[in-house]
Every structure is written in C-alpha cells, then in structure tokens.
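2 protein chains.
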Amino acid sequence: MTKKSPARTPRITIREVASDAGVSVAAVSKVLRDAYGVSDALRAKVQASMDKLNYRPLASARGLRGRTYTLGLVFPDLRNPFFADIFVGVNAALERTQYQAMQGVSVSASSLVEAMIDRQMDGLVLIGPNETNERLNDIADRIPLVAIGHHDLKEARFDTVNNDDQLGARLAVRHLCQNGHKKVAMLSLAAPVSTVINQRELGYRLEMTEQGLGAAINIVRAPQVLRDVQLTVRRLLESRDRPDAIFCWTDLMAFEAISVATELELSIPQDIAIVGYDNTVFCEFAQNRLTSIDQSGEVLGLQATRLLIERIDGRSQSEHFVVTPRVVARASSAKVG
Amino acid sequence: MTKKSPARTPRITIREVASDAGVSVAAVSKVLRDAYGVSDALRAKVQASMDKLNYRPLASARGLRGRTYTLGLVFPDLRNPFFADIFVGVNAALERTQYQAMQGVSVSASSLVEAMIDRQMDGLVLIGPNETNERLNDIADRIPLVAIGHHDLKEARFDTVNNDDQLGARLAVRHLCQNGHKKVAMLSLAAPVSTVINQRELGYRLEMTEQGLGAAINIVRAPQVLRDVQLTVRRLLESRDRPDAIFCWTDLMAFEAISVATELELSIPQDIAIVGYDNTVFCEFAQNRLTSIDQSGEVLGLQATRLLIERIDGRSQSEHFVVTPRVVARASSAKVG
DNA sequence: GCAAAAATGTAGAACGCTACACGTAGAACA
DNA sequence: TGTTCTACGTGTAGCGTTCTACATTTTTGC
Chain G
1 MTKKSPARTP
11 RITIREVASD
21 AGVSVAAVSK
31 VLRDAYGVSD
41 ALRAKVQASM
51 DKLNYRPLAS
61 ARGLRGRTYT
71 LGLVFPDLRN
81 PFFADIFVGV
91 NAALERTQYQ
101 AMQGVSVSAS
111 SLVEAMIDRQ
121 MDGLVLIGPN
131 ETNERLNDIA
141 DRIPLVAIGH
151 HDLKEARFDT
161 VNNDDQLGAR
171 LAVRHLCQNG
181 HKKVAMLSLA
191 APVSTVINQR
201 ELGYRLEMTE
211 QGLGAAINIV
221 RAPQVLRDVQ
231 LTVRRLLESR
241 DRPDAIFCWT
251 DLMAFEAISV
261 ATELELSIPQ
271 DIAIVGYDNT
281 VFCEFAQNRL
291 TSIDQSGEVL
301 GLQATRLLIE
311 RIDGRSQSEH
321 FVVTPRVVAR
331 ASSAKVG
Chain F
1 MTKKSPARTP
11 RITIREVASD
21 AGVSVAAVSK
31 VLRDAYGVSD
41 ALRAKVQASM
51 DKLNYRPLAS
61 ARGLRGRTYT
71 LGLVFPDLRN
81 PFFADIFVGV
91 NAALERTQYQ
101 AMQGVSVSAS
111 SLVEAMIDRQ
121 MDGLVLIGPN
131 ETNERLNDIA
141 DRIPLVAIGH
151 HDLKEARFDT
161 VNNDDQLGAR
171 LAVRHLCQNG
181 HKKVAMLSLA
191 APVSTVINQR
201 ELGYRLEMTE
211 QGLGAAINIV
221 RAPQVLRDVQ
231 LTVRRLLESR
241 DRPDAIFCWT
251 DLMAFEAISV
261 ATELELSIPQ
271 DIAIVGYDNT
281 VFCEFAQNRL
291 TSIDQSGEVL
301 GLQATRLLIE
311 RIDGRSQSEH
321 FVVTPRVVAR
331 ASSAKVG
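From first to last, the protein sequence lines are chains G and F. Residue numbering for the first sequence follows the UniProt record's numbering, starting at 1 and increasing by one per position. Residue numbering for the second sequence follows the UniProt record's numbering, starting at 1 and increasing by one per position.
Here's what the structure looks like:
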C-alpha cells in the first residue's frame with residue numbers, strides 16, 4: 001500500500017547541535033526551553049550553533065515528553081469574516097512566543113477536539129462552541145481550555161472570553177428606539193448554536209420591555225441554511241404587520257435581510273431599519289451601510305490566548321473576561337420620520 | 001516559570017490495548033496501520049479492545065516513527081469566504097480516512113510552512129501561495145506538497161490544482177463585451193500576490209485584443225488595503241474617460257467597487273458594469289447581484305487533497321489538475337442600451 | 001579559610017509508537 | 001517425506017526530545 005517516498009534530507013537534531021557546540025544534549029534542551037541553570041556563556045554558544053545549523057526542534061518529539069508549543073483553535077465555520085478578527089488577536093498574542101496556532105473547523109466540535117487532543121495541542125480555544133457546560137468541563141479535564149462565546153459558567157473548569165451579548169442586544173434595541181423605530185423584531189437562529197443566542201434574545205426581550213414595547217416582541221428563528229433564512233425574512237417582511245426594524249443576530253443574517261428587503265423594493269431604513277452584530281468589514285460597504293454591534297474580535301482573540309497560555313503554565317482557577325460591546329451606527333438604522 | 005498543572009487522567013496507550021487483547025504491541029500497531037499480516041480473528045480481538053478502552057493513538061508518537069495523519073492547509077487570508085469552499089472540498093476528501101486537516105493563515109507562507117514541518121504534517125496544501133517556483137520546490141523537497149493557485153510549473157516537484165485563470169479572465173471580458181460593454185478596465189492587485197494574477201491579467205489582455213478593444217486595455221492596480229482599494233476605484237470612476245465596465249480580480253474587490261460606485265451614485269450596470277471572480281456566496285445578495293467567475297473551490301480542495309494523499313503514499317511524478325471556470329451571470333453585468 | 005549553599009552542567013531513562021528482523025506453523029509442492 | 005512458501009505474530013531498537021537525579025564547580029557567609 002505504502003510505496004517508498006523519495007529520500008528527504010534528514011533533519012538536524014538536538015544531538016548534532018550539542019556536539020557542534022561541545023556541550024551535552026541536556027544543555028541544549030535547557031537553552032531551548034529557557035530553563036533554569038544556564039550560564040550566559042553556554043546559552044551564547046548553543047544559540048550560535050543552533051543558528052549556524054539552522055536547527056528547529058521537532059514538535060512531535062517535544063510533545064512526547066513536554067509540550068508541543070501548539071495551540072488549537074476550533075472555529076464553528078469559516079464563512080463568517082468575524083472569525084478572521086479573532087484570529088488576528090490570537091496571532092498578536094502569540095508574537096514573540098514559541099507558540100503556534102493551528103485552526104480547525106467543525107460544526108460539531110466533538111470529533112475535532114478529539115483530533116486536536118490526539119495531536120498533542122498544549123491547549124484549545126473553542127470559538128462559539130455548540131456544547132454543554134458539562135461537555136466543556138469534560139474537555140477541560142483533559143486539556144487546558146478557553147471558550148470564546150459561552151455564557152453558562154456554573155462551576156466552569158475552563159476560562160471564558162465574551163462580549164456582553166445581553167448588553168449588546170440591549171444597545172441594538174435602544175439605538176433603534178432612539179431613532180424612532182418601534183416595532184423591532186429579532187432575527188435569530190432556529191437551532192440554538194450556542195449560549196450566545198440565548199443572551200442576545202434575553203437582552204432583546206429585556207430592552208424591549210424596558211422601552212415599553214413588550215407587546216411588539218417578536219423573535220423569528222431561521223435555520224442556518226441560506227435559502228431558509230431568505231424565506232423566513234421574506235415571510236416576515238410580507239406579513240400583515242411588518243416590523244419597522246430588524247435586529248439580526250449576526251451581520252451575515254443582516255446582509256441577507258438587506259438582500260430580501262431590496263428585492264421587495266423596501267427602502268432601508270425608511271421602510272425597514274436593520275442592525276447586525278459583529279461589525280464585520282462588509283458593514284462598511286455602501287450597498288450595506290449596516291449598523292452593527294462591535295464586539296472587537298481582536299480583543300477576544302488576544303485575551304483568550306493570553307488566558308490559555310496562563311492556564312498551560314499552571315493556573316487552575318478560572319477567569320472570565322468580558323468585553324463591552326458598542327454600537328457602530330451607519331445608514332441602515334438612521335433616524336426616520 | 002512553569003507551575004505544576006493539575007493532574008490529568010493518563011491516556012490509554014497501545015500497550016494497554018495489547019495487554020487487554022492478549023496480543024503483542026506490534027500486533028496492535030499492525031491493526032492500527034492496516035498493515036500486512038493480520039488475521040481476521042486478531043483484528044477483531046484488537047478492535048474490540050480498542051473500542052472497549054476507547055483507545056486513540058497519539059499523533060506525536062506515531063510521527064516520531066511514521067506519519068501523523070495530519071495535513072496542513074496554508075491559507076493566505078481568512079477574510080475571503082472563497083477559502084471556505086476549498087475547505088469543504090478538503091474535508092470531503094478526508095472523510096473515511098484517518099487524516100485530519102489543520103489550517104494556518106499567513107500572508108508570507110514561509111514561517112508557517114516551517115512551523116508545519118516542525119509539527120510533522122504528513123503533507124501540505126498551499127493555497128494561493130506567494131512564493132517562487134524555486135522556493136516551492138525547496139519545500140517540496142522536504143515535505144509532500146500540493147499548491148492550489150500556482151501557475152509557474154517548470155520542473156515542479158509538487159502537484160498543482162488550478163482553475164484556468166487565463167480562460168476565466170477571457171470569459172469575463174467576453175461576457176461583458178457580449179452585453180455591450182466596451183471600455184472594460186481590470187482592477188488588479190499592486191503586489192503580485194501569486195501567479196494567479198498574472199494569468200488573469202494575461203487573459204484579460206488577450207481577450208480585449210481579440211475583441212478588438214486593445215486600445216481600451218486598462219489595468220489598474222490597488223494595494224490590498226481596504227482604504228487604498230476604495231481610493232483607486234474612486235479615482236478610476238471619476239476619471240475623464242471612465243470605463244463602462246470593471247473586471248475585478250476577486251469578488252471582494254468587486255464588492256468594494258460596487259460600494260464606491262454606489263457612493264458616487266452611479267447605477268450598476270447602466271453606468272458601470274462589474275464582474276468579480278470566485279462566485280462567493282455574497283454574490284447572490286440583491287444589494288450585490290454580482291456576476292462572477294466560478295472556479296468551484298470545492299473541487300479544487302477535493303482534488304488537491306486527493307493528490308496530496310497519493311503523494312504521501314509514494315507517488316513522485318507531478319500531476320497538474322485544471323478546473324474549467326464558468327461565468328455566473330447576474331444583474332451587475334446585464335445588457336445595456 | 002572552610003563549610004554550606006547556590007549555580008551550572010551531564011547522564012540516561014522515559015514518552016508511545018512504528019518497523020525491521022525474526023520465529024513459528026501450516027499449506028503446497030515435488 | 002522432506003522442502004519451500006506463505007501467512008501470521010512477536011521482540012525490540014530506536015525516533016528526538018524532556019526532565020529527574022546527580023556530579024562538579026563557584027560563590028557566599030562567617
């Protein structure tokens with residue numbers, strides 16, 4: 001089955017570095033790990049040899065005894081450009097460390113997480129995980145874990161990084177109300193993909209009530225499939241008592257809402273105002289001009305990575321970092337009347 | 001520096017499986033690798049033990065002797081949803097294999113590739129690599145390699161998967177001409193990110209000439225930065241002899257072009273027609289309605305993965321797979337006049 | 001100046017797996 | 001009957017690191 005592959009030049013090993021520098025293998029390892037008990041002279045000598053031979057430690061071998069200096073990022077999907085922001089933050093945090101991030105994508109994180117554990121990741125960042133608290137705790141028992149976008153914190157044995165989704169939703173509703181929109185509907189997701197949705201729906205409900213619009217509360221849930229979202233929005237916009245604003249749980253959905261509204265020749269924001277969530281780069285485009293809630297993905301990624309490395313280094317008490325979201329107002333929700 | 005981490009339950013090893021099944025470690029390894037010389041009875045016994053103990057082989061340990069069953073994907077950027085299509089194809093190809101894909105993102109693949117080699121990836125798929133043929137050959141000498149979106153094939157020691165970018169560009173121009181647009185400009189990238197650009201520019205030139213529009217050839221190059229693209233497009237659209245169509249090298253750029261045109265209150269396609277490349281999901285939206293060239297990312301990903309696994313299994317002669325692109329016409333390039 | 005403590009370096013046993021080299025038993029062949 | 005194959009299992013030496021335990025040297029304290 002497996003034929004012989006063409007011979008490849010063998011790698012430089014720690015042994016060769018040691019012999020080149022005239023020291024022991026253990027000494028080189030110490031330098032590598034920045035461990036205790038290394039004189040400046042030794043370090044310099046070893047560094048010189050490593051540079052000269054262009055030595056790079058092999059992660060698998062390191063992993064067998066210690067760590068691999070690899071972090072796993074688990075994304076729920078690659079389509080949403082918001083995740084790119086998170087990634088930028090992760091990379092910023094990794095700068096000047098030995099760590100490297102590897103991403104995986106999966107709808108149900110389960111099997112991917114196992115695969116990452118098999119591959120000796122030193123720690124995991126789960127983004128918007130569709131998992132119960134219990135399941136996450138199980139994972140955390142096996143590998144240092146940080147979750148971005150998970151709000152169920154009872155006895156969490158892992159760290160979390162979130163924006164305040166409840167507040168974000170409230171800000172969206174408040175902003176719409178301030179601009180004269182009353183019948184604010186919310187476009188949400190049918191399958192509760194994560195606890196994030198619950199928080200946003202809750203925030204929406206609370207703020208609507210607080211604004212005295214309790215009677216207008218209207219949460220419409222669409223499946224994640226493109227076609228179905230459009231159908232759902234169309235039904236909403238063609239309904240007898242059409243809302244005058246939609247708060248969409250994600251920019252991506254908001255763009256679809258804009259699309260349907262455009263097709264129905266409704267004008268935005270006069271006939272229907274729209275607010276999204278994530279403040280993706282696409283919001284800026286003139287054809288969208290989408291008001292959105294910014295949760296600074298970059299900060300989320302940066303903090304999550306920071307916490308993860310701390311955890312790998314031994315911290316066992318959980319920490320929970322929260323970012324305050326803010327409204328970025330654009331034309332799609334401008335004042336009317 | 002490194003504190004003691006909380007004790008984690010130790011992993012099940014191949015030794016425990018062997019002892020549970022009452023066979024040798026070597027036998028278990030054979031079953032694991034589907035190697036020659038295993039009776040059905042033995043296999044069944046071992047499988048049962050593995051299932052019972054919930055055994056999972058450790059990739060690092062495997063990597064030290066054989067392969068890790070991990071493939072590395074190198075993306076140039078995460079923002080472009082086109083890459084998500086490629087990823088879908090990759091995963092389809094990996095179904096029912098032991099392999100798992102890990103992604104990394106980097107503008108200059110260099111250091112990421114090194115990191116992936118350090119981490120014992122069995123092979124690499126480089127997507128739209130900004131690298132010379134020579135450099136890619138160097139990498140291919142060290143690890144099985146497939147490039148998606150690389151056209152410089154002289155003596156390539158790796159496989160490539162491409163759509164016919166030259167043809168794609170020709171189709172775009174031809175389509176625009178057929179719909180009555182004459183002064184077709186091309187919006188390209190300032191820094192030649194990959195050989196893909198050259199091919200598309202070449203196709204544009206050739207087809208323009210063939211259509212008798214050689215005099216109207218106009219390639220405008222913008223840096224990859226958002227703000228600069230908008231500036232470049234604005235300058236183009238406000239110029240004395242404004243083109244009546246723009247062929248954009250990427251959907252993402254096309255959306256920006258639409259944005260600027262909208263701001264300038266030009267109507268699409270009457271004042272300016274626009275065609276993109278990649279046929280991203282966003283093209284479908286009513287606010288974009290973007291005509292685009294489809295290069296079926298899913299097929300690209302699938303084929304690349306297939307080729308890579310073949311190569312890991314020992315093939316050393318290069319193969320080059322080409323997908324034929326097609327025009328997906330939408331309103332942004334409709335017939336005028 | 002001498003003991004104790006601190007600093008610096010080394011040897012060598014793992015880590016979990018693969019793959020080579022072999023051993024054995026039964027089948028096929030002459 | 002003996003001989004050669006083939007199929008199936010096993011023993012074990014690494015793969016390239018880390019890390020504990022220990023040996024040696026230097027510094028410190030008095």
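Every residue, glycine too, gets a C-beta built ideally from N, C-alpha and C.
What does DSSP give as the partner residue(s) for A245 of chain G in the beta ladder?
G:V184, G:A273
Do F158 of chain F and A172 of chain F have their beta-carbon atoms positioned less than 8 Å apart in this structure?
no
Taking I148 of chain F as part of the beta strand (DSSP E), name the residues at either end of that continuous run.
Per DSSP, I148 of chain F belongs to the beta strand (DSSP E) from 145-148.
Is the Cβ of R43 of chain G closer than 8 Å to any Cβ of chain F?
no
For S292 of chain G, count neighbouring Cβ atoms within 10 angstroms of its own Cβ and tell me buried if that reaches 16, exposed if not.
buried
State yes or no: is the C-beta of A245 of chain G within less than 8 Å of the C-beta of L307 of chain G?
no
Tell me, which residues are paired with I219 of chain G by DSSP?
G:M186
If you drop the 5 nearest sequence neighbours on each side, which residues of the same chain put their C-beta closer than 8 Å to that of V25 of chain F?
I14, R15, A18
With DSSP run on the structure shown, which of helix, strand or coil describes T2 of chain G?
The pLDDT assigned to T2 of chain G is 38, lower than 50, so where the model puts this residue is not dependable; a value taken from the coordinates is nonetheless given after this. DSSP, reduced to helix, strand and coil, places T2 of chain G outside both helices and strands of the structure shown, so it counts as coil.
For the beta strand (DSSP E) containing T160 of chain G, name the first residue and the last one.
First-last of the beta strand (DSSP E) with T160 of chain G: 159-163.
Assuming A147 of chain F and L189 of chain F form a contact by the criterion Cβ under 8 Å, report the distance between their Cβ atoms to the nearest whole angstrom.
Actually they are not in contact, since the Cβ atoms of A147 of chain F and L189 of chain F sit about 18 Å apart, beyond 8 Å.
With which residues is I258 of chain F paired in a DSSP beta bridge?
None, per the DSSP bridge assignment.
Between T250 of chain G and D278 of chain G, is the Cβ-Cβ spacing less than 8 Å?
yes
Give, in chain order, every residue of the stretch 89-108 of chain G whose Cβ lies closer than 7 Å to some Cβ of chain F.
Residues Q100, M102, Q103, G104, V105.
Okay, do the stretch 64-75 of chain G and the stretch 94-111 of chain G touch, 3+ Cβ pairs below 8 Å being the bar?
yes
Can A185 of chain F and V220 of chain F be called in contact, C-beta distance under 8 Å?
For the pair A185 of chain F and V220 of chain F, the CB atoms are nearer than the 8 Å cut-off.
Assuming contact is defined by CB atoms lying nearer than 8 Å, are L136 of chain F and P144 of chain F in contact in what I supplied?
Their beta carbons are not under 8 Å apart, which means L136 of chain F does not touch P144 of chain F by this criterion.
Taking three-plus beta-carbon pairs below 8 Å as touching, is the stretch 57-69 of chain F in contact with the stretch 118-129 of chain G?
The way I'd put it, the stretch 57-69 of chain F does touch the stretch 118-129 of chain G; three or more beta-carbon pairs between them come closer than 8 Å.
Less than 6 Å between C-beta atoms, sequence neighbours within five positions excluded: which residues of the same chain meet that for T160 of chain F?
A147, H150, H320
For a contact defined as C-beta to C-beta under 8 Å, what are the partners of V281 of chain G on chain F?
R79, L226
For N163 of chain F, which residues of its own chain have a beta-carbon under 6 Å away from its beta-carbon, when the five flanking residues on both sides are left out?
Close CB contacts of N163 of chain F within its chain, under the 6 Å cut and outside five residues either way in sequence, are with Q295, V323, P325 (chain order).
To which residues does DSSP link S292 of chain F through a beta bridge?
F:G276, F:V328
What residues from chain G crowd round F158 of chain F, counting only those whose CB sits closer than 8 Å?
Near F158 of chain F there are no residues of chain G at all, since even the closest Cβ is about 12 Å away, more than 8 Å.
Anyone know if the C-beta pair for A84 of chain G and R289 of chain F falls short of 8 Å?
no
If you run the structure through DSSP and keep just helix, strand and coil, what is R193 of chain F?
Checking the sequence, you will find Val at residue 193 of chain F rather than Arg. DSSP places V193 of chain F outside both helix and strand once states are collapsed to three, so it counts as coil.
What is the rounded straight-line gap between the Cα of R33 of chain F and the Cα of L112 of chain G?
21 Å
Taking contact to mean 3 or more Cβ pairs, one atom from each stretch, closer than 8 Å, check whether the stretch 253-263 of chain G and the stretch 233-240 of chain F are in contact.
no
N218 of chain G: which of G:L58, G:F247, G:A41 sits nearest, CA to CA?
Of the residues G:L58, G:F247, G:A41, the one whose Cα lies closest to the Cα of N218 of chain G is G:F247.
If R330 of chain F sits next to C283 of chain F, beta carbons under 8 Å apart, how far is it from one beta carbon to the other, in whole angstroms?
6 Å
Distance cutoff 8 Å, beta carbons only. Does E114 of chain F sit that close to anything in chain G?
yes
I258 of chain F touches chain G at which residues, Cβ-Cβ below 8 Å?
F285, A286, Q287
Does the separation of the CB atoms of E114 of chain G and R11 of chain F fall below 8 Å?
It is not a contact, given that the beta carbons lie outside the stated cut-off.
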